[in-house]
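Notes follow the structure.
Residue numbers (our numbering), protein chains in the order written: chain L, 157 to 227; chain E, 12 to 826.
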């Protein structure tokens, strides 16, 4: 039913908004799109700790990140 | 990956990073985080912010955590965020949150400045005069309407006044006729006449469609309705998914169900005169309506099938059998017990009785659904039947409708008031002696009958004004399935018949509120029954001795003088009213005396003449309903006996036998005189014993009668008490037919007094022989012995102690 789908989408949007705000408060440097990808991965069974390690690892490989850190 | 690592697909390291990432994620395991640990960590973080003077962050974080919708993944996501958090105390600020939300700005409105900027109002004609009036396209020469096509809006606003069809066409949605194509094709196939050798193969859906239409009572090609509403299969069909015998079997089951539904629908439409049957018809119609709803739901499933819908005739059969089970059972009950469908003359209320029995069976079997259907029909019928019953019990009025089947009938409408209670109404009985009422009411028949009679009696007695109005409709409405279910929830083990009996008892009890005037109250307090009983004792039984003596003294004097006025009933009545009528509790004007006609000469023995005098008392009609007679025959006979005894005592009075009148001394009296004196003494003794017995019996029985009447709960008990008292009194006073010989012997002895008195003058002048006196004495002895022996045998047979005592006393001195 279209009305049910709309409400589901709206609920999901609200959840992502709040999580994004929490993410901002915790200074995780995740933008909204990345956060929604992470949530999708977790909902599909990915271990949060493993995901966090992957994100940190990927950031290590970011040239911009490395220059910010003085590497 | 791109946003985190900054590498795109074109970079050389992208592929390796991607593989490593995927491998890390796969090897990361599927362990779940501990939600309580995450919750504690979040709470700890909030507290840390608060302690380190970042209340803004603490409040913001706490509010977001509280408003986060609860999902199962929250702990995992929060765990991720906590692991990725990077010194939020130093780096985070609330202003970062402001950058996240985008303010919704409404589209800019069109302003006159924009219009003017786009199209300046420099044209001179803009400010010219506007021609008022209707501008039709036909007036403008430049306008060529031949090429223009009417738009929808033009049509909508400029329709011709009589072109409603065009307007309707704009708003009516035309159904798509092609959707019914399959249905029409199937119906054409079904409608083709086929012989036995030709079978049509149809789809299962078509068969289901036909079956549903048949169950709704609509005409179909597959089924035909014959005489008597019997549904049969009319077409030779087969389906690809089942064998022919199986299909015929299933369709036959449907046909049977359809037949019974047709019968039910037809039966509920019949015009019936009995009100309770009409109520049952309504209840059954409710059941068939529920079936129609279920059929509709079933049909809806095939019209708007869900994602997975199995088209199965067997499934449909199972469902249909389930929701028609109760209706089929009702149908079989009605066929077997309703007089119009049975053909034979069923007894009245056979349908109600059958519903009652089946409801009890269903309740015992624990079949809740069947019980609800049958009990619902039963209670609707009983509710309607109860209304005239409650009207009768609360007001004593017979119903005008269905009067031929009501359990009370008007027996003698014009019966005298004194027989109102016993003869006006009677129970209407069926063959077998059972009252004409349903089985469920049978235990209450006597109670209801007496209650209604009491109300009718009280109304005649003028005691209906203080009765509170009983709401019959709400009383009857208490018998409903809601009440039954409520009782069953509190006491689920109570059988239905007991529960129904309890409800009926409460219902009938409500027709007699505690402060209701009863017939007992009216009889004892308003009619003053006991006062009238006392009056009877005073008038007939000589309780008021002085009044009796005054009456008898005058009467006997008249008789002895031979006055002709003694048989003048008016004179005697006057005499009785002035003597007996002055006794306590007696209404003098009610006393009357009559003299029976006699062929024998008027101057016969006085004792025989005394038998012609009949004393009567005008009994009020309410009391007549208790004594069951306008006259008190036993009391009249007792008064006659009393007159005989008193006359015998009167003639043996000392004045008559004053021996000082003797010319010679009594010592020189002859043997005849001496024998006469001895006889006189014995006669006086006998009369004394009779009087004593008379007084004892009357006193004892009067006390017993009074106690019995005070303890009676209604007129029926009072009448029974009176009848018992009357029977005992008759026996003890030797007035009963079976002791008539004893009474004759007693009267013979008493008449000896008259004989002795008649012979006294001749005894005095010694002209009477001893033989005559001896004969009288012998008669006395003989009758006395007979009376004594008779009393003994009667007392032994009947157990009357008073007669036993009388026999004992007569025997003491006789010997």
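By construction, the Cβ of each residue, glycine as well, lies at the ideal position given by its N, Cα and C atoms.
Small disclaimer: the values here were computed from a predicted structure and weren't measured.
Using 10 angstroms around the beta-carbon of residue i, count the other beta-carbons present and answer buried if the total reaches 16, otherwise exposed.
i	result
residue 595 of chain E	exposed
residue 449 of chain E	buried
residue 138 of chain E	exposed
residue 166 of chain E	Note on residue 166 of chain E: pLDDT 46, under 50, position unreliable in the model; no value is reported.
residue 636 of chain E	buried
residue 204 of chain L	buried
residue 64 of chain E	exposed
residue 27 of chain E	exposed
Would residue i count as contacting chain L if we go by Cβ distances under 8 Å?
i	result
residue 54 of chain E	no
residue 95 of chain E	yes
residue 57 of chain E	no
residue 87 of chain E	yes
residue 63 of chain E	no
residue 102 of chain E	yes
residue 99 of chain E	yes
residue 266 of chain E	no
residue 401 of chain E	no
residue 363 of chain E	no
residue 510 of chain E	no
For residue i, which residues in chain E fall below 7 Å Cβ to Cβ?
i	result
residue 167 of chain L	80
residue 179 of chain L	92
List the residues of chain E whose Cβ lies closer than 9 Å to the Cβ of residue i, in chain order.
i	result
residue 187 of chain L	14
So is residue i in contact with chain E if we call contact Cβ pairs under 8 Å?
i	result
residue 160 of chain L	no
residue 217 of chain L	yes
residue 163 of chain L	no
Suppose you measure from the CA of residue i to the CA of residue j; what does that come to, to the nearest Å?
i	j	result
residue 32 of chain E	residue 210 of chain L	6 Å
residue 189 of chain E	residue 264 of chain E	33 Å
residue 623 of chain E	residue 686 of chain E	33 Å
residue 502 of chain E	residue 454 of chain E	23 Å
residue 476 of chain E	residue 485 of chain E	Confidence at residue 476 of chain E is low in this model, with a pLDDT of 48, below 50, so its placement is unreliable and the value that follows should be read with caution. Straight-line Cα distance between these residues: approximately 22 Å.
residue 93 of chain E	residue 322 of chain E	55 Å
residue 103 of chain L	residue 214 of chain L	Here chain L has residues from 157 to 227 only, and residue 103 of chain L is not among them.
residue 716 of chain E	residue 652 of chain E	21 Å
residue 274 of chain E	residue 293 of chain E	15 Å
residue 213 of chain E	residue 254 of chain E	13 Å
residue 279 of chain E	residue 521 of chain E	33 Å
residue 360 of chain E	residue 240 of chain E	25 Å
residue 140 of chain E	residue 169 of chain L	58 Å
residue 101 of chain E	residue 127 of chain E	55 Å
Please list the partners that residue i has in chain L, where partner means a Cβ-to-Cβ separation under 7 Å.
i	result
residue 44 of chain E	204
residue 107 of chain E	180
residue 71 of chain E	181
residue 28 of chain E	214 and 217
Does any heavy atom of the ligand NAP sit closer than 7 Å to the C-beta of residue i?
i	result
residue 566 of chain E	In terms of ligand content, the structure shown is empty, and the ligand NAP therefore cannot be addressed.
Under 8 Å between beta-carbons, which chain E residues line up against residue i? List them in chain order, please.
i	result
residue 192 of chain L	None at all; the shortest Cβ gap to chain E is about 11 Å.
Under 8 Å Cβ-Cβ, which residues of chain L neighbour residue i?
i	result
residue 32 of chain E	210, 213 and 214
residue 416 of chain E	Simply none; closest approach about 59 Å.
residue 201 of chain E	The premise fails here: residue 201 of chain E is roughly 37 Å from chain L at the closest Cβ pair, so nothing lies under 8 Å.
residue 68 of chain E	181
Could you tell me which chain L residues have their CB closer than 9 Å to the CB of residue i, listed as they occur along the chain?
i	result
residue 75 of chain E	174, 175, 177, 178 and 181
residue 35 of chain E	206, 207, 209, 210 and 213
residue 24 of chain E	217
At a Cβ threshold of 8 Å, is residue i touching chain B?
i	result
residue 84 of chain E	The chain labelled as chain B is not found among the protein chains of the depicted structure, namely L and E.
Q. Can you find at least 3 beta carbon pairs, one from the stretch 458 to 478 of chain E and one from the stretch 395 to 411 of chain E, that sit closer than 8 Å?
A. yes
Q: State whether the stretch 698 to 706 of chain E contacts the stretch 528 to 543 of chain E, with contact taken as three or more CB pairs (one from each stretch) at a distance under 8 Å.
A: no
Q: Determine contact between the stretch 767 to 779 of chain E and the stretch 804 to 811 of chain E, defined as no fewer than three beta-carbon pairs at a distance below 8 Å.
A: no
Q | Any 3 or more C-beta pairs closer than 8 Å across the stretch 303 to 313 of chain E and the stretch 371 to 390 of chain E | A | Per the Cβ contact rule, the stretch 303 to 313 of chain E is not in contact with the stretch 371 to 390 of chain E (fewer than 3 Cβ pairs under 8 Å).
(Q) With three or more C-beta pairs closer than 8 Å as the rule, is the stretch 757 to 765 of chain E touching the stretch 774 to 781 of chain E? (A) no
Q. Are there three or more Cβ pairs, one per stretch, closer than 8 Å when the stretch 691 to 703 of chain E is compared with the stretch 494 to 501 of chain E?
A. no
Q.
I'd like to know if the stretch 81 to 95 of chain E and the stretch 192 to 207 of chain L are in contact, where contact means that at least 3 CB-CB pairs between them fall below 8 Å.
A. yes
Q. Is there contact here, the stretch 326 to 336 of chain E with the stretch 434 to 441 of chain E, by at least three beta-carbon pairs under 8 Å?
A. Fewer than three beta-carbon pairs drawn from the stretch 326 to 336 of chain E and the stretch 434 to 441 of chain E are found closer than 8 Å, and the two stretches are therefore not classed as touching.
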